[in-house]
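Reading through the structure tokens given below for one structure.
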Amino acid sequence: MKYGFFDDNNKEYVITTPKTPLPWINYLGCTDFFSLISNTCGGYTFYKDAKLLRMTRYRYNDTTLDTNGKYFYIKDGDTIWNPGWQPTKTPLDSYECRHGIGYSKFTGVKNDVEAALVTFVPIGDPVELTKVTLTNKGTAKKDIQLFSYVEWCLWNADDDMKNYQRNLSIGEVEVVDSTIYHKTEYRERRNHYAVYSVNAKIDGFETSRDEFRGAYNGPDKPDAVIEGKLHNTIASGWYPIASHQLNVSLAPGESKTFVFALGYVENAEDDKWEKPGIINKKKANELLAKYQTEADFDEAFEKLNAYWNDLLSKFHIESKDEHVNRMVNIWNQYQCMVTFNMSRSASYYETGIGRGMGFRDSCQDLLGFVHLIPDRARERIIDIASTQFQDGSAYHQYQPLTKKGNSDIGSGFNDDPLWLIAGTSAYIRETGDTSILKEMVPYDNDMSVATTLMEHLKRSFDYIVNHKGPHDLPLIGRADWNDCLNLNCFSEHPGESFQCFGPSEGPVAESVFIAGMFVKYGREYADLCKLMGDNAEADRALAEVDKMIKAIEKDGWDGEWFVRAYDAYSHKVGSKECDEGQIYIEPQGMCVMAGVGVDDGNAVKALDSVKEKLDTKYGVMILQPAYTRYHLELGEISSYPPGYKENAGIFCHNNPWISIAETCIGRGDRAFEVYKKTCPSYIEDISEIHRTEPYVYSQMVAGADAKFHGEAKNSWLTGTAAWTFTNISQYILGIYPTLEGLSVNPCTPAEFGDFNVTRVYRGVTYNIEIKNPNKVQKGVASLLVDGKEVEGNIIPFDGSKKTVSVVATMK
Ligand code: GLC
Ligand code: GLC
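All residue numbers for the sequence shown refer to the working numbering, where the first residue is 2 and numbers rise by one.
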């Protein structure tokens, strides 16, 4: 069942009922200022950091889903309704929400009044704009009232929910004309305030939530709206809000438009006050002055659309498969940009008050957005590397505002260092910019011990070389990619952190997954060494890689698939010898991606085992059989009920690894089958089962052991976005950036047909035509570059050209 449809021409998903199975959200904002907005106008806004600079409140764990947002109420006689349906939930005569790229539109109609909202954050300004157009569709005159509503958060979203003894006394606002200023804590250490304004003379305002709603009413029954009159109260403490009242008369057929602006303003320390107690509003007025008319709004909206159209045009496919076209050209790239901006901080599942930026997550996200915004990818790499320790290990997380390592969860996740090589290699393959390797980068943000980025990569590599266990496989530390495989922790008491309990690194527990990563990214490291002319270091690295391959072949192979790990007693994890958790997805994907087993047939065996043991119609599960009880020696993984999360859920992030691995052995049919299973557009029809947004990936889909098999959770902020884009663009469609130039080597289903890709690469636009006359799954027979035959798969890079046409014919 569907709850809407894709409108590809407008790059929108159109939701046709407010009663989606879960709130279906979108993101507004490209830099610094962001909002989450659901299909019923729920959500919240923040500046830079969702925890420390939260502008509007959201309610977690509330009794109803999705409470609080940026709402507009319309009072038309005795009927009170919202164009986005929430919070009054008054049945609408018609409803539509269009989530677009960086904007959302809502149209509600009730009793002949149409209210159309368009909302977005303009490029370059810290403000969210909403245009509200009210139209009288009937034959009689309408006298209605429009009320806006936001509830301020007292900036630190964490403290805001807990510290009532203080917070209920500190709320402060000012109101001048049509602008409401939220200035809580501005009197002391803050140099910022928020504004909510409308470009028309108002008929009243409210800044006290109790006055607006009444102490015992929810936002669905606000007293003042029912009365049809705001009381112009200046809040003092308690719960400050912002609401404007506009009385609107509409002749039949007439429309009126208002532009609302919700903004963030910072003042210099010595320029905070206009006079004692009165905030300096100069910058706020300048900001608001830019968006006073509908024409200002429309122009900024055009700019936003141009920005996104340009970004998304960097990779464009035309094939006969509409799902692939839509996901590649629009939604998958868009989700990659959102994960770049948000990391894992703010979604409807990530509260914005929890984790910082993950070291490994941010490195992997890079794989998905580096072709879109290479400059910012460069900055991101330097930020991440700056939190590395001198021995090559890394803080597991860092804070986006300070960019410093965050000791909450410490370090000792032994896959982390290698992801830095992965991200840097992707950046250089994309851009050719080797200057980054010579950049001086601190350790733990201490510039006095800075070295080149290249040296950081060496230390990443050597961290693994120097931390091996009894089978010469990498020690796992607190966990590897699978945060929940905690082989050294032995946590026995509720409330303890599964990862941080116990020693950070045991001398025994090893990870075959990290071994696979070491082979893959160790080779990429060696390639970078060669590129920089250090052949001796490249040879040393490759010799280490060979040793690792031998260790995997000797002790990482279980007969039909790769072993997952060795625990602290040196017992196998993910082996037929185990009673539960006999086979895991991660080492099958990673080892084959690294090329291990490709020549001796083990790769085929491993992937066949995946298909036989882990596959479901909704995707490939992380492990089988699920753990049915808590295993002290394995940690958090066995804490989840069977079928959920890391305990045999379908963890979407590593499904593309299996798909990529299939392309490494040339099985395009199977690679694509795996791609399709979790691909949002392909499963739009089962939205009532899948439940999260049908236009983006979720972190997890419940596995076969779960009660709600097929149900997704944790949409939007997941490494799945980057990895599926890498999979489809670089491996299935086969346009892969190498250090020398773009390579063309598709691995598609036999029936996929011919297709064309436009790819902007290092400033050159490549128009690539791929022909598959014999319906093969892999292999390019000839490559014509601007009409000339080229040997091999790589288009030699020539920066003097603006466009290059390529014709690749498969065998
Ligand atoms: C979450 C984490 C990621 C981890 C994965 C598997 O998605 O953000 O870092 O690799 O879970 O545990
Ligand atoms: C990862 C896992 C999650 C776990 C978290 C911290 O994000 O997906 O299940 O709770 O790591 O351990």
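Quick reminder that beta carbons are idealized off the backbone N, C-alpha and C, glycines included.
Just so we're clear, the structure is a prediction, and the values are computed from it rather than from any experiment.
Residue environment, residue i, which counts as buried when at least 16 other CB atoms sit within 10 Å
i	result
Tyr-698	buried
Ser-461	buried
Thr-388	buried
Ser-571	exposed
Ile-429	buried
His-372	buried
Lys-143	buried
Ala-510	buried
Leu-814	For the chain, the structure presents residues 2 to 812; residue 814 sits outside this window and is missing.
Ala-595	buried
Ala-141	exposed
Ile-242	buried
Met-56	buried
Leu-368	buried
Gln-589	buried
Ala-290	exposed
Glu-587	buried
Ala-296	exposed
Residues near residue i by beta carbon distance below 8 Å, same chain, minus five either side
i	result
Lys-439	Thr-453, Leu-454, Met-455
Asp-686	Met-2, Lys-3
Lys-646	Cys-485, Phe-652, Met-701
Ile-279	Glu-175
Glu-270	Asn-192
Ile-16	Tyr-4, Gly-5, Trp-25, Asn-40, Glu-97, Cys-98, Arg-99, His-100
Sequence-distant residues of the same chain with beta carbon closer than 6 Å to residue i, five excluded per side
i	result
Glu-712	Arg-692, Ala-703
Ala-782	Thr-810, Lys-812
Arg-760	Phe-316, Ile-736, Tyr-767
Leu-263	Glu-129, Tyr-197
Ser-209	Thr-234, Ala-236
Asp-706	Ala-627, Pro-643, Gly-644, Ala-649
Asp-211	none
Gly-215	Asp-224
Ala-722	Gln-336, Cys-337, Thr-340, Gly-369, Tyr-698
Glu-741	Ile-795
Contact belief for residue i with residue j at Cβ below 8 Å, rounded distance in angstroms
i	j	result
Met-441	Gly-517	No, Met-441 and Gly-517 are not in contact; Cβ-Cβ is about 32 Å, not under 8 Å.
Gln-246	Asp-178	Incorrect: roughly 14 Å between the Cβ atoms, too far for contact.
Asn-773	Phe-753	7 Å
Tyr-444	Ser-394	In fact, because the Cβ distance is near 10 Å, the residues do not count as touching under 8 Å.
Leu-734	Glu-663	Not a contact, Cβ separation roughly 14 Å.
Ala-569	Glu-634	6 Å
Phe-519	Met-549	5 Å
Gly-359	Gln-398	6 Å
Ligand 1 heavy atom lying under 8 Å from the CB of residue i
i	result
Gln-814	An answer regarding residue 814 cannot be provided, because it is not within the stretch 2 to 812 covered by the chain.
Thr-719	yes
Trp-482	yes
Cys-501	no
Gly-238	no
Arg-565	no
Gln-336	no
Gly-620	no
Arg-345	yes
Asp-362	yes
Gly-704	no
His-654	yes
Gln-700	yes
Gly-669	no
Gly-359	yes
Asp-440	Residue identity check: residue 440 is Glu in the sequence provided, not Asp. No - ligand 1 has no heavy atom lying nearer than 8 Å to the Cβ of Glu-440.
Glu-647	yes
Spatial neighbours of residue i in its chain, beta-carbon cut-off 7 Å, leaving aside the 5 residues before and after
i	result
Ile-584	Trp-562, Gly-575, Ser-610, Lys-614, Leu-615, Leu-624, Gln-625
Thr-629	Glu-581, Pro-643
Asn-281	Asn-268, Asp-272, Lys-273, Trp-274, Glu-275
Asn-728	Pro-657, Ser-660, Ile-661, Tyr-676
Glu-431	Val-371, His-372, Pro-375, Pro-738
Glu-319	Asn-326, Phe-756, Asn-757
Glu-545	Val-466, Gly-523
Any non-hydrogen atom of ligand 4 closer than 8 Å to residue i Cβ
i	result
Cys-485	Ligands present in the displayed structure are limited to ligand 1 and ligand 2, and ligand 4 is not among them.
Within-9 Å CB hit, residue i to chain B
i	result
Tyr-48	Of the protein chains in this structure there is only one, and it is not chain B.
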